[in-house]
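So the sequences go chain by chain: A and B.
Just so we're on the same page, the working numbering is the position in the first sequence counted from 1, plus 1.
Just so we're on the same page, the working numbering is the position in the second sequence counted from 1, plus 1.
Reviewing the structure listed below.
2 protein chains.
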Amino acid sequence: MTPAKDTVTEGTGAAGLAAGVQSRVIVIQNVSPELDGGRYAVKREAGDTLTVEADIFRDGHGKLSAVVLYKRKDEADWREAPLTLANPGLDRWSGEVELTENAPYLYTVEAWDDEFESWRDGAGKKLDAGQDIPLELTEGRELVAQAAARAGGPDAKALEKTLKDLDGARDDRRAEIMMSDAVRDLMARWPDRSRAVRYDRTLEVFVDRVAARFAAWYEMFHRSQGTVEGQWGTFDDCRRRLPEIKALGFDVIYFIPIHPIGRTHRKGPDNTLVAGPDDPGSPYAIGAEEGGHTAIHPELGTLEDFRRFVAACHEHGMEVALDFAIQCSPDHPWIKEHPEWFRFRPDGTIKYAENPPKKYQDIVNVEFYGDHQDALWQELLSVVLFWVENGVKIFRVDNPHTKPVPFWEWLIREVRRDHPDVIFLAEAFTRPPMLKMLAKVGFSQSYTYFTWRDFKGELTDYLTELTQSADKEFLRPNFFANTPDILPGYLQKGGRTAFMVRFVLAATLSSVYGIYNGFELCENEAVPGTEEYLHSEKYQFKVWNWRRRGHIKDLIAKVNRIRRENPALQELDNLRFYEADDDNVLFYGKMSADRRNMVFVAVNLDPFDAHEATLTFPLEDMAMEDTESFAVEDLLTGKKHLWTGPDHAVRLDPKRNPAVLFRVVPWHHVDFVAPSF
Amino acid sequence: MTPAKDTVTEGTGAAGLAAGVQSRVIVIQNVSPELDGGRYAVKREAGDTLTVEADIFRDGHGKLSAVVLYKRKDEADWREAPLTLANPGLDRWSGEVELTENAPYLYTVEAWDDEFESWRDGAGKKLDAGQDIPLELTEGRELVAQAAARAGGPDAKALEKTLKDLDGARDDRRAEIMMSDAVRDLMARWPDRSRAVRYDRTLEVFVDRVAARFAAWYEMFHRSQGTVEGQWGTFDDCRRRLPEIKALGFDVIYFIPIHPIGRTHRKGPDNTLVAGPDDPGSPYAIGAEEGGHTAIHPELGTLEDFRRFVAACHEHGMEVALDFAIQCSPDHPWIKEHPEWFRFRPDGTIKYAENPPKKYQDIVNVEFYGDHQDALWQELLSVVLFWVENGVKIFRVDNPHTKPVPFWEWLIREVRRDHPDVIFLAEAFTRPPMLKMLAKVGFSQSYTYFTWRDFKGELTDYLTELTQSADKEFLRPNFFANTPDILPGYLQKGGRTAFMVRFVLAATLSSVYGIYNGFELCENEAVPGTEEYLHSEKYQFKVWNWRRRGHIKDLIAKVNRIRRENPALQELDNLRFYEADDDNVLFYGKMSADRRNMVFVAVNLDPFDAHEATLTFPLEDMAMEDTESFAVEDLLTGKKHLWTGPDHAVRLDPKRNPAVLFRVVPWHHVDFVAPSF
């Protein structure tokens, strides 16, 4: 009990005195990062340094010492990292913890009265003012004696020797000894922490692997990867595309659902209500005679074929993400095996999904609560673990906002208990509170509104919120430029240039982003007046010509290579917007913490007309003088410039260069540290 | 257990499934106001309306209902106020609670699935789309039957009748009945709340009496209120000044400590170390042979005299505030009676107060922790309660930041358990974290940095922080323009005009403010190079001429009257700054919530030169059209104007009118609602 002895709740007072007082004599508050009072974990990635800050103070003038306590969640003992007083005027302390492993970590803060430093401060001021301090020296000796009793090893001996030296000396010599650096260091190592105060919450940081923050996703509609019209592409067809996808620079192949598709109420081409006998149906109507969420559509191949595909991806240094879509077709085996998981209507049918007056007749939903809750949740968990066992470590979750929040919190925690490397992406295209809540309860990444943010003001506002507000502690935006359900108006109207613009934005604004196949071909035919693709492959067979004229694969490969070569682009919250004096031109940059790598991007958001803008480089943030020269490499063209001062004009022409990516290197550093020239 | 049945922690799942999942299927978060996760109470005043807001949402499209639960802390049962969906796009709900009593209140939020509204929404959309809904009608009837089983009184009968009507009717008639307002109202009164979700924290709002927010304080140095040089003024002398203070418009007479003063190390005039035999000493060196913190200095009078003074204040509609300064003179009775409350040094002396190398030899401090903690804390509590019993309901606390935070939290809670009308003002002239912390743990009001904020930018920034940030929920600034320890440089240099300026600022920026006697006389002689008053009455006798030439008592009386007559000036967080196109001119306003009362203030912060500025009135905030005329009354001169449009020039001359206070009344309302013309 000693560590908390000086808290009032555990003090010597009568119960009446102590009742209800939980605060501590040393106040520790505004600990950062902290999410909702510690209710949810913040997120980081392996290799990150976690900066922990806190207001720490108490009454009076005494000196304090403080540490961050931290450990992997499965460890028994706390480790410590020092906190230092970073802003004395605001009592703000700061320290750093190295997060080396992909695992959940815990951390908190502990502080104590540093009696020796308090003594030293007061005694020093009096000595400086020419005052004699015989009493202080006696009191100081007592502190040394106490430390000697606590100390072990050579320090114990050194402190004993200090006591002897003091006892034989005159006041001026005693003062000299007591104020020496040697004694100060010794005393700092043996503080009296019996009355240390610990912050009243233990906080959690979930440390993901780096791929949670830095990855390029390619969404693959498996059955459209073949070459024969009217037939299913197979896993083997998909596998044949891997060298091309790898050459484009992608890290993740994301498959839409690979399971058997129901026949009852199967949708026909263009989302019609009646399917012909050969129509393949929507892969989101999961489950048929052949099986449910752990089965594979027979036309795609066998589980063995799937594993071979996964292995091939790994050989290419890529990995596979699967879609986790909990809905069922009316033919899903669960309905026969577990009718109690579904809600039957008075006429004996199961309510299909609807958003009145819209109807989704090929899908029914499970009921998450009821006496069957345990069985259902365990079954869903087992589905995820089944695919984990088969080499899948990334799940893109379909419509998580239509399933209960507590379910996701439970599921993700259960999966990651043994598999902390599993990443979950939430497709929560819904209102901000639910989108954020799902990120808080554990989703590693989130789809965002980026898909519909086209212009300078809205991009600046939204990205500033994502990267500079408290959201950055828990919400990682995965910027999808398009999806099977969303062909944004900007892409429909702006042609090939629009695809280039949106690609550069997605890949440089966020460290993790994705495209859905066809994007690289600038496919932009929509059902008029909607964001649906015309003749969407969701409902019919499709064969693509992956070398179609007008593709932008060169740009994609180049930008993905630039992302790999520039660590600044692999971070998210280092994004900053800078001045460009034209509303069509968005100018932003990312710098590594050590300023070794600085990349600036200017994008013409107008897909039709050229615009010229003067860009103002943030020389102070770049740790450069106003008059200093810097080397600029245009990373897309390879052209180099030598520039001086903050302001430089660029002309961005939709036909030639809708975007420029500049790597900047201070001129005088070039010879010594910069690897870029 | 039913209310929490749908939370996962109490669900039917196995322990393994439920472990660690505490979130609820309906998410309730970002509840406002909430301070540090509910750890501290927010503050309001009796008569206020508390606006409670929360994000409330769940998965899917179902409708929710929600209420604020609230009660006085001593009540057993919750009362309810409705929450309505104020911002559907952000799932933000809002409701209002009337805080009628001076007492602590608790509040929280509860929400539930509104099955009938969900049913009605879906059925209505289908009817609108021309769909037949026989199944829905059957399901809807079941909801009515369930409500009938829950209902009581006439509603139960009405619901039974509805069921009969439904059973005899055709589908179109059944739809008509089910969609009727009558059935909707009935169903809204008997919701199924068996699975309601309650926010996981109970929050507290401490409702003070209005004087905590709105009052004018006059700090009185009691012994200087007499008329004979070299003698103590008495309580009776103080009493004779009450009509004058009342005429000036003050509400609170605040006495510096009234207790016996120690003789050991007594300070002499001008804070010298040696006092002459007739020097009275600093009233902050509390305690002598005559007694300690519950005794009265014999020269001031008896307890009887004090009670008579308190009664006289009450008769004038004023009240008394006492100084609670815990330090002791070396002669305080506690030192003999309770030596264990003090820390003795190796030479047998008690450490006097110091801030090295500065020494306060006439003061020693108690030790708050140790085996004696309970006895000491109870004694200090009994001191406060002694004065409460003698009619004192306001305590200005000296240097609370040099005593432990947990002590204050305990003391204030203990005092206010039986005396919720007691107000504590913290003199925490220290760094912001401690200043704010003391407000959080219970101090009703705080001294602030206003005393040193002179110019437009710093006043605007600081007041915006105080009135618009989260601080406003717990920190009430009491704006003292001067104190016995602080004669600010602005007053020293700026002469009489400076006193006028600072008075208007204090009295109109904040709803609660104070001056220390002599301010009204524009006393501004300082110890050179310091903020100390020259020949401070803290250390010597003083007799004032309260009618001294150059006083500003007319202005004080007028402004205090204006504060009483204009409800807008009695609030704090309604302060807003507006545009004045001269950096010397500060322009701000306060409006009552209903816009019945709108007061605007323009102050020339330059005490030497006249400045002219165009003021831009916020017509939109004033609920007025750009072209609308409004009546303006200059409240200090009584002059009236009829103005149109936002921009109006004023010239503020230090000699004539360093400040103007305008009351604005929309012209077309004058005949109907405005009481001002």
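Backbone N, C-alpha and C fix where the C-beta goes; we use that ideal spot for every residue, glycine too.
Check, Outcome
"Endpoints, the alpha helix (DSSP H) within which residue 316 of chain A is located", "304-316"
"Residue 478 of chain A beta carbon less than 8 Å from that of residue 451 of chain A", "yes"
"Coil, strand or helix - residue 624 of chain A by DSSP", "coil"
"Unbroken stretches of the beta strand (DSSP E), 3 residues or longer, contained in the region 515-593 of chain B", "577-579 and 586-592"
"Interface residues of chain B facing residue 368 of chain A [CB-CB closer than 7 Å]", "Near residue 368 of chain A there are no residues of chain B at all, since even the closest Cβ is about 11 Å away, more than 7 Å."
"Chain A contact for residue 690 of chain B (CB, 8 Å cutoff)", "Lying before the first or after the last residue shown, residue 690 of chain B is absent from chain B, which here runs from 2 to 678."
"CB contact check: residue 72 of chain A to chain B, cutoff 8 Å", "no"
"Cross-chain neighbours of residue 25 of chain B in chain A, by beta carbon under 7 Å", "407"
"CB contact check: residue 256 of chain B to chain A, cutoff 8 Å", "no"
"Under 8 Å between C-beta atoms of residue 218 of chain B and residue 256 of chain B", "no"
"N-terminal and C-terminal residue of the alpha helix (DSSP H) that residue 424 of chain A is part of", "Premise fails: residue 424 of chain A lies in the beta strand (DSSP E), 424-428, not in any alpha helix (DSSP H)."
"Nearest-angstrom Cα separation, counted from residue 319 of chain B out to residue 600 of chain B", "25 Å"
"Chain A residues whose Cβ lies nearer than 7 Å to that of residue 126 of chain B", "357 and 358"
"Unbroken stretches of the alpha helix (DSSP H), 4 residues or longer, contained in the region 156-240 of chain A", "172-179 and 182-190"
"Contact with chain A by residue 477 of chain B, beta-carbon distance below 8 Å", "no"
"Short Cβ contact (8 Å threshold) for residue 616 of chain B with residue 603 of chain B", "yes"
"Beta bridge counterpart(s) of residue 258 of chain A as assigned by DSSP", "Looking at the DSSP assignment, residue 258 of chain A forms no beta bridge with any residue, so it has no partner."
"Separation of residue 379 of chain A from residue 342 of chain A, as counted between CA atoms", "12 Å"
"Residues, ordered as in the chain, of the region 417-447 of chain B that lie near chain A by beta-carbon distance below 7 Å", "432, 433, 434, 435, 438 and 442"
"Closer than 8 Å to chain B by CB, residue 1 of chain A", "No answer is possible for residue 1 of chain A: the residues shown for chain A start at 2 and end at 678."
"7 Å Cβ cut-off: residues of chain B touching residue 123 of chain A", "357"
"Ordered list of beta strand (DSSP E) runs contained in the region 611-655 of chain A, each at least 3 residues", "612-617, 630-635, 641-645 and 648-653"
"Extent of the continuous beta strand (DSSP E) run through residue 351 of chain B", "Element bounds for residue 351 of chain B: n/a, residue is neither H nor E."
"Cβ-based neighbour list, residue 248 of chain B, same chain, cut-off 7 Å, excluding 5 preceding and 5 following", "558"
"Any C-beta of chain A under 8 Å from that of residue 136 of chain B", "yes"
"Residue 54 of chain B: first and last residue of the uninterrupted beta strand (DSSP E) it sits in", "50-58"
"First and last residue of the uninterrupted alpha helix (DSSP H) at residue 297 of chain A", "Here residue 297 of chain A belongs to no alpha helix (DSSP H), and DSSP marks it neither H nor E."
"Residues from the region 446-474 of chain A in contact with chain B, defined by Cβ distance under 8 Å", "none"
"Cβ neighbour criterion (16 or more within 10 Å) applied to residue 131 of chain A", "exposed"
"C-beta neighbour in chain B for residue 164 of chain A, strict 8 Å", "no"
"Nearest-angstrom Cβ-Cβ length linking residue 51 of chain A and residue 110 of chain A, presumed shorter than 8 Å", "Actually they are not in contact, since the Cβ atoms of residue 51 of chain A and residue 110 of chain A sit about 12 Å apart, beyond 8 Å."
"Residue from B:626, B:658, B:646 and B:618 with nearest C-alpha to residue 636 of chain B", "B:658"
"For residue 370 of chain A and residue 11 of chain B, the rounded distance between their alpha carbons", "Note that residue 11 of chain B scores 32 on pLDDT, short of 50, meaning its location in the model is unreliable and no value can be drawn from it."
"Neighbour-count burial assignment, residue 469 of chain B, 16 or more Cβ in a 10 Å radius", "exposed"
"Segment contact, 8 Å Cβ cut-off, at least three pairs: the region 329-343 of chain A with the region 255-273 of chain A", "yes"
"Neighbour-count burial assignment, residue 21 of chain B, 16 or more Cβ in a 10 Å radius", "With a pLDDT of only 37 at residue 21 of chain B, under 50, the local geometry of the prediction cannot be trusted, and the value read off the model is given with reservation. So residue 21 of chain B ends up on the exposed side."
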